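This report refers to the structure that appears directly beneath it.
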Amino acid sequence: MTHFLRYMFYCLWIAPCALQVIILILLARRGLYRKFPIFTAYTAFRVCEFVALFCVSRSVSLRTVYFQFYYLGLGISTALRFGIIGEIFADVFSMHGVLHNLKRPLIRWTTAAFLILAFSFVFYTQRSNADPSWFTVFVLDRSSNIVQCGLVLSLLVASRYLRLSWNRVVFGVALGFGVLCSLELAIAAIRSQVGSSAHLLLDLVDMGGYFSSVLIWLYYLITPERRPPSIPDNIPDVDLEAWNDELESLLTR
Amino acid sequence: MMITIILVLAGFLSLAAVLFLAKGHAEPPANLANLRKRIRPLDLEAFRNLIDSRDEDFLRGALERSQFRAVQRARMMAVVEYIACASGNAAILHSFGEAARHSPNPSVAAAGQRLANSAIRFRLNALQCVLRLYLAMLIPGAGVNKMSVAEGYERMTALVALLGCMQYKKPDTQISVLPLAS
Numbered sequence: 023m024t025h026f027l028r029y030m031f032y033c034l035w036i037a038p039c040a041l042q043v044i045i046l047i048l049l050a051r052r053g054l055y056r057k058f059p060i061f062t063a064y065t066a067f068r069v070c071e072f073v074a075l076f077c078v079s080r081s082v083s084l085r086t087v088y089f090q091f092y093y094l095g096l097g098i099s100t101a102l103r104f105g106i107i108g109e110i111f112a113d114v115f116s117m118h119g120v121l122h123n124l125k126r127p128l129i130r131w132t133t134a135a136f137l138i139l140a141f142s143f144v145f146y147t148q149r150s151n152a153d154p155s156w157f158t159v160f161v162l163d164r165s166s167n168i169v170q171c172g173l174v175l176s177l178l179v180a181s182r183y184l185r186l187s188w189n190r191v192v193f194g195v196a197l198g199f200g201v202l203c204s205l206e207l208a209i210a211a212i213r214s215q216v217g218s219s220a221h222l223l224l225d226l227v228d229m230g231g232y233f234s235s236v237l238i239w240l241y242y243l244i245t246p247e248r249r250p251p252s253i254p255d256n257i258p259d260v261d262l263e264a265w266n267d268e269l270e271s272l273l274t275r
Numbered sequence: 499m500m501i502t503i504i505l506v507l508a509g510f511l512s513l514a515a516v517l518f519l520a521k522g523h524a525e526p527p528a529n530l531a532n533l534r535k536r537i538r539p540l541d542l543e544a545f546r547n548l549i550d551s552r553d554e555d556f557l558r559g560a561l562e563r564s565q566f567r568a569v570q571r572a573r574m575m576a577v578v579e580y581i582a583c584a585s586g587n588a589a590i591l592h593s594f595g596e597a598a599r600h601s602p603n604p605s606v607a608a609a610g611q612r613l614a615n616s617a618i619r620f621r622l623n624a625l626q627c628v629l630r631l632y633l634a635m636l637i638p639g640a641g642v643n644k645m646s647v648a649e650g651y652e653r654m655t656a657l658v659a660l661l662g663c664m665q666y667k668k669p670d671t672q673i674s675v676l677p678l679a680s
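So the sequences go chain by chain: A and B. So for the first sequence, the numbering used here puts the first residue at 23; every next one is plus one. So for the second sequence, the numbering used here puts the first residue at 499; every next one is plus one.
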């Protein structure tokens, strides 16, 4: 590892953690940990994970268990990420009571569709020359990223079509996860194929992606909520609701 | 190796899609006065004629089967166009509702919330209707729940009334205006 790459590696490893400490402070000061408990837990977990992995990597006696720690952390953070996506869905749909009946089917069917897609990719993936444990872990990671990408994208598409308004912080979290899952999907796919060769380059891209996501979360936490457009003097008095009831009764007849 | 290439491409496409979808959200709120100009007036009578099942029965009897299918397909495409236009209008009304939802006046905020919710419901219902129409176009005489084309049209009748409500420019059918400045 050249001096520059080593410097980059440590910067990209340490900087997100430092920023996540700031995110934790902001979440605590603004009381957002009550609204987003899983996101708060995820952020705290990633900080603790960094500290543990950093200590293990610096200790000669513990270096052999580094990957066991890493795999454990990957498993826990994957579970927490699914929780965060659930939290995002819950927040977006709670702001629009009319969509109450759409939330569960959207989550259920999108998850089912992308699980089938992920498992079909597992089925057709040829075993590479990579270490078997690497291969298994990164194929699983790849599968979870496919489902997470699918969920975030489906929410963004539905939100765009229905013009749903978002809480700024929730939007930032969703955007950060969308970026992170997409990049990690590509990286996990390459890793499952090449194993530990090109390890450093992939690590740098992976850490760069994570750093970008943390920056997005921080940006949306720091910047204030956008002011809504000024209220017009009048709005069209359209009795959409009554007609919608009629339309729904016709559609379900 | 092919799977890896597909997944890497999927990852980058997903990234591009996320950024594209986020771009719309990050844009500043549209000027509502300008938005109002974008509401497209719809010819309600023409739409009513288009979905009239008696017209369909007449065409079915007067035309050969292949001709009828072609005409029917064109009519359905026109219905889809109408619904798409109405859906666009609903999106604009949603913006009005969203703006009013933030009003300090509780009654205005409640009216805004109702309008926004109605617009969302309309767009959901319109999506279902359009999907059913496309299905009916692909499988003539069939559809979701074996819905016939005629039934599909019948279900569209609620949209007709809704389109009437959303008509904007004709003085005789112009929608009323709810004052918000109180």
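Using N, Cα and C, we set each Cβ at its ideal position, and we do this for glycine too. The structure displayed is predicted, hence computed values, not measured ones.
Sequence-distant residues of its chain with Cβ nearer than 7 Å to residue i (five each side left out)
{"i": "N167/A", "result": "C203, E206, L207, A210"}
{"i": "Q42/A", "result": "T65, R68, V69, V236"}
{"i": "A648/B", "result": "In this prediction, A648/B has a pLDDT of 34, which is less than 50 and means its spatial position is unreliable; what the coordinates show is noted afterwards. Only S551, E554 meet the Cβ criterion."}
{"i": "E109/A", "result": "F58, I60, F61"}
{"i": "L128/A", "result": "S176, A180"}
{"i": "M229/A", "result": "L34, W35"}
Residue closest to residue i, alpha-carbon to alpha-carbon, out of the options
{"i": "S181/A", "options": "F193/A, F72/A, I138/A", "result": "F193/A"}
{"i": "R248/A", "options": "L240/A, N189/A, S214/A", "result": "N189/A"}
{"i": "I501/B", "options": "F143/A, G108/A, R85/A", "result": "F143/A"}
{"i": "L533/B", "options": "F545/B, F594/B, I504/B, V506/B", "result": "F594/B"}
{"i": "L625/B", "options": "A584/B, H592/B, I637/B, E596/B", "result": "A584/B"}
{"i": "S99/A", "options": "E71/A, V114/A, V120/A", "result": "E71/A"}
{"i": "L622/B", "options": "I107/A, R130/A, L121/A", "result": "L121/A"}
{"i": "K535/B", "options": "D541/B, E562/B, N587/B", "result": "N587/B"}
{"i": "F157/A", "options": "L96/A, Y55/A, L128/A, R213/A", "result": "R213/A"}
{"i": "L94/A", "options": "R51/A, L162/A, L124/A", "result": "L162/A"}
{"i": "Y580/B", "options": "L511/B, P604/B, S601/B, P539/B", "result": "P539/B"}
{"i": "A134/A", "options": "R52/A, G172/A, F111/A", "result": "G172/A"}
Chain A within 8 Å of residue i, Cβ atoms only
{"i": "L505/B", "result": "yes"}
{"i": "S551/B", "result": "no"}
{"i": "L622/B", "result": "yes"}
{"i": "R619/B", "result": "yes"}
{"i": "E554/B", "result": "no"}
{"i": "S646/B", "result": "Below a pLDDT of 50, predicted positions are generally treated as unreliable, and S646/B, at 36, falls in that range; the measurement from the model is reported next regardless. With 8 Å as the cut-off, S646/B does not count as an interface residue toward chain A."}
{"i": "G586/B", "result": "no"}
{"i": "G509/B", "result": "yes"}
{"i": "I501/B", "result": "yes"}
{"i": "N547/B", "result": "no"}
{"i": "L633/B", "result": "no"}
{"i": "S512/B", "result": "yes"}
Residue-level contact to chain B via CB, residue i, 8 Å cutoff
{"i": "W188/A", "result": "yes"}
{"i": "F233/A", "result": "no"}
{"i": "G53/A", "result": "no"}
{"i": "A112/A", "result": "no"}
{"i": "V201/A", "result": "yes"}
{"i": "A135/A", "result": "no"}
{"i": "G95/A", "result": "no"}
{"i": "R164/A", "result": "yes"}
{"i": "L207/A", "result": "yes"}
{"i": "R185/A", "result": "yes"}
Element boundaries [alpha helix (DSSP H), containing residue i]
{"i": "P127/A", "result": "122-146"}
{"i": "M574/B", "result": "563-599"}
{"i": "M229/A", "result": "221-244"}
{"i": "I537/B", "result": "It is not in any alpha helix (DSSP H) - I537/B carries neither H nor E in the DSSP assignment."}
{"i": "T86/A", "result": "Premise fails: T86/A is in no alpha helix (DSSP H) and is neither H nor E."}
{"i": "I44/A", "result": "25-51"}
{"i": "M635/B", "result": "604-636"}
{"i": "S166/A", "result": "154-184"}
{"i": "G559/B", "result": "551-560"}
{"i": "S204/A", "result": "190-216"}
{"i": "R56/A", "result": "54-57"}
Rounded Cβ spacing between residue i and residue j (contact assumed at less than 8 Å)
{"i": "F199/A", "j": "V169/A", "result": "The pair is not a contact, with the Cβ atoms about 12 Å apart (cut-off 8 Å)."}
{"i": "M499/B", "j": "R571/B", "result": "With 8 Å as the limit, M499/B and R571/B do not qualify as a contact, their Cβ atoms being about 44 Å apart."}
{"i": "V606/B", "j": "A598/B", "result": "5 Å"}
{"i": "L102/A", "j": "A63/A", "result": "6 Å"}
{"i": "V578/B", "j": "V628/B", "result": "6 Å"}
{"i": "V174/A", "j": "V506/B", "result": "Actually they are not in contact, since the Cβ atoms of V174/A and V506/B sit about 18 Å apart, beyond 8 Å."}
{"i": "V195/A", "j": "G231/A", "result": "At roughly 16 Å, the Cβ-Cβ gap does not stay under 8 Å, so V195/A and G231/A are not in contact."}
{"i": "R185/A", "j": "A589/B", "result": "5 Å"}
{"i": "D114/A", "j": "L177/A", "result": "A small correction: the amino acid at residue 114/A is Val; Asp does not occupy that position in the sequence shown. Contact flag correct, Cβ pair sits at about 7 Å."}
Cβ shell of residue i (< 6 Å), same chain only, five flanking positions each side left out
{"i": "A576/B", "result": "L548"}
{"i": "A520/B", "result": "none"}
Beta-carbon proximity list for residue i, same chain, < 8 Å, skipping 5 on both sides
{"i": "D225/A", "result": "F31"}
{"i": "Y88/A", "result": "L75, V78, S79"}
{"i": "E596/B", "result": "G610, A614"}
{"i": "I45/A", "result": "T65, V236, W239, L240, L243"}
{"i": "V159/A", "result": "Y93, L96"}
Residue i: CB within 7 Å of a non-hydrogen atom of the ligand SAH
{"i": "G95/A", "result": "Summarising the ligand content, the structure contains no ligands, and the ligand SAH is consequently not present."}
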